[in-house]
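Residue numbers are given in the numbering used here: position 50 of the sequence shown equals residue 1294, and the series is strictly consecutive.
C-beta atoms are modelled at their ideal positions from N, C-alpha and C, and glycine is treated no differently.
Okay, so here's the structure we're looking at.
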Amino acid sequence: RPSSFLALYNVIVGLASSALLPLLGAIVDHTPRRLKVARISAISYCILLFPMTFISQATWFAVAILLILSALIGWIHSGMSFAYLPEMSDDKKTLERLNTSFTVIQFTTNVIYIVVVVGIAAGAGWMDNSLATARLAQSINFVITTAFWGSAWSKLMGPRPAMSQLPTGKHLLTVGFRTIYRTSIDVAKHHRALGWFYGALAFSESATQALLIIITTYSIDLLNFSSIQAGIMYLIVLLSSVLGCYISELSLRLLSPRRSNQLCLGFTALFTALAAAFVKGSHALFYIFASFWGVCGGWKYTIGKWYSDI
């Protein structure tokens, strides 16, 4: 079943994108090609979006392959984009505020997107037509992404010089992996607490992303959500995520980032355990817990971006 592909998709994209990160870091650190790579990845991503608008029962597997490729290219694009963020200010408080604002804008635009898709689908009488809704959503995604990314990378974002010279005798393809190896050895020998912390952070990030996949599969396969109901669920999650972004910013003012992260993970585990105990086929209860997961997701996402900027 296509829905069973979601977990495998998450694993493939996670492993492949992790393998690409050292190379992306080397490009940002040692070359002035950041803008070029970002533009190529943006163009490639938009090209892959177009054929996915023709999804059907006969083409879903091909579309799934394109989805994996687009996700990997999307990670490359995100890596190049996020590299600009720490350079916007040297003040950590300003970066925290910018980070929260960008995350709120991101979740808010997602909310607008879902409202538009669900509204058009409902107006066209496609409440029970998942295929037509999927094609509509992908078509809007292609048009909007192409327009905004085209404008951003052609007019707004500029070239950046290399942050440091490539060490003599080192190759760009391997220098990132060598740096990670040396850093890992140093952390293991002299900073074990830091190693445990970032290990826990990596596992918690993976678990948080996997939770969305599980929620989607559960709602479709066990609760029999239609595409419109699934859209409403995502709308609730995204609206709640905006609140989570502000909770994250508040917690960073009152607590250390480590304590804020622990508190977020604790609430996520609590709400998930309660959902497992009390959601017995109830759509209403699932919507309620979706709002809780959305708050925790927005909170965790903002904390994660904060860690990536330090």
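Next on the checklist: Taking the straight line between their C-alpha atoms, what separation do you get for residue 1259 and residue 1366?
Outcome noted: For the purposes of this step, residue 1259 is taken as residue 15 along the sequence shown, with counting starting at 1. For the purposes of this step, residue 1366 is taken as residue 122 along the sequence shown, with counting starting at 1. C-alpha separation (whole angstroms): 38 Å.
Next on the checklist: Quick check on residue 1327: buried or exposed, where buried means 16 or more other Cβ atoms within 10 Å of its Cβ?
Outcome noted: As a first step, residue 1327 must be located in the sequence shown, where it is residue number 83. Buried, by the Cβ-count rule.
Checklist entry - Just curious, the alpha helix (DSSP H) that residue 1294 is in, first and last residue? => result Taking the sequence shown and counting its residues from 1, one reaches residue 1294 at position 50. No alpha helix (DSSP H) contains residue 1294, which DSSP labels as neither H nor E.
Checklist entry - Excluding sequence positions up to five away, which residues of its chain have a Cβ less than 7 Å from the Cβ of residue 1270? => result Here residue 1270 refers to the residue found at position 26 of the sequence shown. Excluding sequence neighbours, residue 1270 sits near 1416, 1419, 1420.
Next on the checklist: Please list the terminal residues of the continuous alpha helix (DSSP H) segment that includes residue 1360.
Outcome noted: As a working mapping, residue 1360 is identified with position 116 in the sequence shown. 1336 to 1367 is the extent of the alpha helix (DSSP H) around residue 1360.
Checklist entry - Counting Cβ pairs, one atom from each stretch, are 3 or more of them under 8 Å apart for the region 1356 to 1371 and the region 1490 to 1499? => result no
Item to check | Runs of alpha helix (DSSP H) lying entirely within the region 1451 to 1480, each at least 4 residues, in chain order | outcome: none
Next on the checklist: When you compare the region 1477 to 1493 with the region 1328 to 1346, are there three or more beta-carbon pairs, one atom per stretch, that lie closer than 8 Å?
Outcome noted: yes
Checklist entry - Taking buried to mean at least 16 other C-beta atoms within 10 Å of its own C-beta, is residue 1407 buried or exposed? => result Taking the first residue of the sequence shown as position 1, residue 1407 is located at position 163. Classification of residue 1407: exposed, given that the 10 Å Cβ count is below 16.
Checklist entry - In or out: residue 1586 buried (at least 16 other Cβ within 10 Å) or exposed? => result Outside the modelled stretch of the chain, which goes from 1245 to 1554, sits residue 1586, for which no answer is possible.
Checklist entry - Should residue 1339 and residue 1361 be called a contact, given that it needs their Cβ atoms to be closer than 8 Å? => result Indexing the sequence shown from 1 puts residue 1339 at position 95. Indexing the sequence shown from 1 puts residue 1361 at position 117. Their beta carbons are not under 8 Å apart, which means residue 1339 does not touch residue 1361 by this criterion.
Item to check | Pick from 1267, 1450, 1506 that is closest to residue 1321, judged by C-alpha positions | outcome: The count along the sequence shown starts at 1 and reaches residue 1321 at position 77. Of the candidates 1267, 1450, 1506, the one whose C-alpha sits nearest the C-alpha of residue 1321 is 1267.
Checklist entry - Got a sec? Which residues, its chain only, sit under 6 Å from residue 1544 by beta carbon, not counting five neighbours each side? => result In the sequence shown, residue 1544 corresponds to position 300, counting from 1. So the list reads 1452, 1508, once near-sequence residues are dropped.
Item to check | Spatial neighbours of residue 1333 in its chain, beta-carbon cut-off 8 Å, leaving aside the 5 residues before and after | outcome: Within the sequence shown, residue 1333 is the residue found at index 89, counting from 1. Only 1339, 1342 meet the Cβ criterion.
Checklist entry - Are at least three pairs of beta-carbons, each pair with one atom in the region 1521 to 1534 and one in the region 1431 to 1446, less than 8 Å apart? => result No contact exists between the region 1521 to 1534 and the region 1431 to 1446.
Item to check | Of the residues 1291, 1548, 1511, the one placed nearest residue 1386, counting alpha carbons only | outcome: For the purposes of this step, residue 1386 is taken as residue 142 along the sequence shown, with counting starting at 1. The shortest C-alpha to C-alpha distance from residue 1386 to any of 1291, 1548, 1511 is the one to 1291.
Item to check | Close Cβ partners of residue 1315 (< 8 Å) along its chain, the five nearest in sequence each way excluded | outcome: In the sequence shown, counting from the first residue as 1, residue 1315 sits at position 71. So the qualifying residues of the chain are 1253, 1257, 1261.
Checklist entry - Out of 1548, 1294, 1288, which has the shortest C-alpha to C-alpha gap to residue 1444? => result Residue 1444 sits at position 200 when you count from the first residue of the sequence shown. The shortest C-alpha separation from residue 1444 is found at 1548.
Item to check | Cβ-Cβ separation, residue 1397 to residue 1282 (assumed contact under 8 Å), whole Å | outcome: Counting from one through the sequence shown, the residue named residue 1282 turns up at place 38. Counting from one through the sequence shown, the residue named residue 1397 turns up at place 153. So it is a contact: roughly 6 Å between Cβ atoms.
Checklist entry - What do you reckon, are the CB atoms on residue 1279 and residue 1296 nearer than 8 Å? => result Translated into positions along the sequence shown, residue 1279 becomes position 35. Translated into positions along the sequence shown, residue 1296 becomes position 52. Contact: no.
Item to check | For residue 1431, the three-state DSSP class (helix, strand or coil) | outcome: Against the sequence shown, residue 1431 aligns to sequence position 187. Looking at residue 1431 - three-state DSSP - the assignment turns out to be helix.
Item to check | Inter-residue Cα distance where the pair is residue 1423 and residue 1522 | outcome: Position 179 of the sequence shown, counted from the first residue, corresponds to residue 1423. Position 278 of the sequence shown, counted from the first residue, corresponds to residue 1522. Between residue 1423 and residue 1522, the C-alpha separation is close to 47 Å.
Checklist entry - What number of angstroms, rounded off, separates the C-alpha of residue 1274 from the C-alpha of residue 1405? => result As a working mapping, residue 1274 is identified with position 30 in the sequence shown. As a working mapping, residue 1405 is identified with position 161 in the sequence shown. Spanning the two alpha carbons is a distance of roughly 9 Å.
Checklist entry - Does the beta-carbon distance from residue 1357 to residue 1317 come in below 8 Å? => result Stepping through the sequence shown from its first residue, residue 1357 is reached at position 113. Stepping through the sequence shown from its first residue, residue 1317 is reached at position 73. No. Outside cutoff.
Checklist entry - Comparing alpha-carbon positions, which option in 1500, 1474, 1517 lies nearest residue 1371? => result Walking along the sequence shown from the start, residue 1371 turns up at place 127. Minimum Cα distance to residue 1371 is reached at 1474.
Checklist entry - Buried or exposed: where does residue 1351 fall if 16 or more other Cβ atoms within 10 Å of its Cβ makes it buried? => result What you label residue 1351 is simply residue 107 of the sequence shown in a count that begins at 1. Buried is the call here.
Checklist entry - If you check the beta carbons only, do residue 1410 and residue 1300 fall under 8 Å apart? => result Position 166 of the sequence shown, counting from 1, holds the residue named residue 1410. Position 56 of the sequence shown, counting from 1, holds the residue named residue 1300. In this structure, residue 1300 does not lie closer than 8 Å to residue 1410 by Cβ.
Next on the checklist: Just to confirm before moving on: does the CB-CB distance between residue 1538 and residue 1466 stay below 8 Å?
Outcome noted: Here residue 1538 refers to the residue found at position 294 when the sequence shown is read from its first residue. Here residue 1466 refers to the residue found at position 222 when the sequence shown is read from its first residue. Going by C-beta atoms, residue 1538 is not nearer than 8 Å to residue 1466.
Checklist entry - Does any CB atom of chain C fall closer than 8 Å to the CB of residue 1294? => result Looking at the structure shown, chain C is missing, and only one protein chain is on hand.
Next on the checklist: On a Cα-Cα basis, can you pick out the residue from 1389, 1298, 1401 that is closest to residue 1277?
Outcome noted: As a first step, residue 1277 must be located in the sequence shown, where it is residue number 33. Per the Cα distances, 1401.
Checklist entry - Of the choices 1284, 1264, 1412, whose alpha-carbon is the least far from that of residue 1394? => result Here residue 1394 is taken as the residue at index 150 of the sequence shown, counted from 1. Closest option to residue 1394, Cα to Cα, is 1284.
Checklist entry - Since residue 1479 contacts residue 1516 with CB under 8 Å, what's their CB separation in whole angstroms? => result Walking along the sequence shown from the start, residue 1479 turns up at place 235. Walking along the sequence shown from the start, residue 1516 turns up at place 272. Incorrect: roughly 20 Å between the Cβ atoms, too far for contact.
Checklist entry - Which value, in whole angstroms, describes the spacing of the CA atoms of residue 1518 and residue 1472? => result Here residue 1518 refers to the residue found at position 274 when the sequence shown is read from its first residue. Here residue 1472 refers to the residue found at position 228 when the sequence shown is read from its first residue. Rounded to the nearest angstrom, the two C-alpha atoms are 25 Å apart.
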